[in-house]
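At position 97 of the sequence shown the residue is numbered 235 (the numbering used here), and the sequence of numbers has no breaks. All C-beta atoms, glycine included, are put in the ideal place defined by N, C-alpha and C.
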Amino acid sequence: MINVMIVEDQKMIRSLLESYINKEEGYRITASIAGANQAPEICETVQIDLILMDVQTEHRENGLTAAKKIKQKNPSIKIIAVTSLIDFEVLKKAKSCSVDSLWYKDADEDTLMDIVRRTVAGDHIFPDAPPVVEIGTAKSTEFTKTELIVLRHLVKGMSYSRIAKAMSIEVTTVKYHVTNMLRKTNFENKLQLALAVSDNKMIADLADDE
Numbered sequence: 139m140i141n142v143m144i145v146e147d148q149k150m151i152r153s154l155l156e157s158y159i160n161k162e163e164g165y166r167i168t169a170s171i172a173g174a175n176q177a178p179e180i181c182e183t184v185q186i187d188l189i190l191m192d193v194q195t196e197h198r199e200n201g202l203t204a205a206k207k208i209k210q211k212n213p214s215i216k217i218i219a220v221t222s223l224i225d226f227e228v229l230k231k232a233k234s235c236s237v238d239s240l241w242y243k244d245a246d247e248d249t250l251m252d253i254v255r256r257t258v259a260g261d262h263i264f265p266d267a268p269p270v271v272e273i274g275t276a277k278s279t280e281f282t283k284t285e286l287i288v289l290r291h292l293v294k295g296m297s298y299s300r301i302a303k304a305m306s307i308e309v310t311t312v313k314y315h316v317t318n319m320l321r322k323t324n325f326e327n328k329l330q331l332a333l334a335v336s337d338n339k340m341i342a343d344l345a346d347d348e
């Protein structure tokens, strides 16, 4: 029997994941919680074989940080990050923190459960790239790597001068990149741009790793 813990703060999605696992022969739900910070402690007290881990849970608790802690003490536990965040940095961090697989919440039941079975069998499954979304009149794939870094700072509410200092570039260069992104998206200002990428989950506002 595969003992499963689900870590997901949205009740509807948590219930959906529970229904998938409950229908799968040989699997049972041992724990189902809303916050990632509680997960490592549960793994110390309860037999857990597989975790479906949301990347950003309640109170901005970081599922990838929790996964890293769990893997350090219990490397045999399989962890699948299940997220709606399309930020490429999330995919990169998931691989680096020893998450076994990662997929997106909009996957259908058959796809997700196939990933579950293959991960339990020892496979590591990651998408080649995050899904493409539209940001204004542009697609997420149209932004350069440098523009994405500038966007990450904009989402945090940083000024042009702070962004310039953080990136070791001139303020005029920051403004140049923002102007290019506004041209691509047809937004009027940087606030509209920052809100759009946040709403589309193109840039994740995750709590820092501990």
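C-alpha distance - residue i paired with residue j, whole-angstrom precision
i    : j    : result
E348 : T203 : The pLDDT assigned to E348 is 43, lower than 50, so where the model puts this residue is not dependable, and the model offers no usable value.
E199 : I180 : 16 angstroms
S306 : E280 : 23 angstroms
G260 : V145 : 21 angstroms
L349 : E247 : Any answer about residue 349 is impossible in this case: the structure gives the chain only from 139 up to 348.
L223 : F264 : 14 angstroms
I384 : G164 : The question about residue 384 has no answer here: the residues shown for the chain are numbered 139 through 348.
K303 : K313 : 13 angstroms
I217 : K243 : 15 angstroms
E326 : I140 : 52 angstroms
Residue i: first and last residue of the uninterrupted beta strand (DSSP E) it sits in
i    : result
I144 : I140 to V145
L240 : S239 to Y242
Buried or exposed by the 16-neighbour rule on C-beta atoms within 10 Å, applied to residue i
i    : result
N175 : buried
P269 : exposed
A334 : buried
T310 : exposed
Residue j beta carbon less than 8 angstroms from that of residue i
i    : j    : result
N160 : I151 : no
C235 : A267 : no
Unbroken alpha helix (DSSP H) run spanning residue i, endpoints
i    : result
T311 : V309 to T323
H291 : K283 to V293
* Runs of beta strand (DSSP E) lying entirely within the segment 151-217, each at least 3 residues, in chain order -> List check, beta strand (DSSP E) in window: 165-171 and 188-192.
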